[in-house]
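Residue numbers (UniProt numbering): 1 to 136.
All C-beta atoms, glycine included, are put in the ideal place defined by N, C-alpha and C.
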Amino acid sequence: LKSVAILARAEGASARTPPRRRCSRRTPPVAMVKQVTDKEEFDQLVKESLVIVDFTATWCGPCQMIGPAFVELAESGAYPKAVFIKVDVDEGEAIAQKAGVNAMPTFQVWKDGAKVEEFCGADKAKLTDLCEKHGK
């Protein structure tokens, strides 16, 4: 940063930065994606909340492609009813077995402790539809 200030002064610009403006409005809290590896924690979450789950794996190429879209949907604030969680099938093997996951990525919706919908594949349109249907 010193070199930028020196360069700016050399070009006749002020080295002083303008004061930051503060926003008077508070933004609502944004949902975050929760990483879950413990089966008991998973069981508790799906009993208490409407949960949208991304079953993923670090070695799964399509999972890595769709992962940012899942996070974007979770953090958009558009789905206040939903809790978004991500389960790495290698770390949360017991959860993946309970959920009947055989392929990745798999997206599931859980409500009142029961699985109500799922699909497999890195399809952003289907994922968005799933969130629209259950998360609003």
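Return the first residue and the last residue of the beta strand (DSSP E) that residue i is part of.
| i | result |
| --- | --- |
| threonine 128 | Threonine 128 -> not in any beta strand (DSSP E); alpha helix (DSSP H) instead, spanning 124-135. |
Pull the bridge partners of residue i from the DSSP assignment, please.
| i | result |
| --- | --- |
| glutamate 117 | Val109 |
| lysine 34 | Ile85 |
| aspartate 54 | Lys86 and Phe107 |
Going by C-alpha to C-alpha distance, which of the options sits closest to residue i?
| i | options | result |
| --- | --- | --- |
| methionine 32 | Lys47, Cys120, Ile52 and Glu93 | Ile52 |
| glutamate 118 | Ala125, Lys136 and Val109 | Val109 |
| lysine 126 | Ile66, Ala57 and Lys39 | Ile66 |
| lysine 128 | Ser49, Val71 and Ala103 | Checking the sequence, you will find threonine at residue 128 rather than lysine. Per the Cα distances, Val71. |
| glutamate 41 | Pro68, Lys86 and Lys133 | Lys86 |
| glutamate 48 | Gly100, Thr56, Asp38 and Val83 | Val83 |
| histidine 134 | Asp112, Ala122 and Gly121 | Asp112 |
| glutamine 44 | Lys136, Ile95 and Ala122 | Ile95 |
| proline 105 | Val116, Cys131 and Thr58 | Thr58 |
| glutamate 91 | Asn102, Gln64, Glu132 and Thr56 | Thr56 |
| glutamine 64 | Lys39, Leu130, Gly77 and Lys124 | Lys124 |
| alanine 103 | Lys81, Glu75, Val89 and Lys136 | Val89 |
| glutamate 132 | Val116, Tyr79 and Gln97 | Tyr79 |
| glycine 121 | Cys60, Thr37 and Lys81 | Cys60 |
For the alpha helix (DSSP H) that residue i lies in, which residues bound it at each end?
| i | result |
| --- | --- |
| valine 71 | 61-75 |
| alanine 99 | 93-99 |
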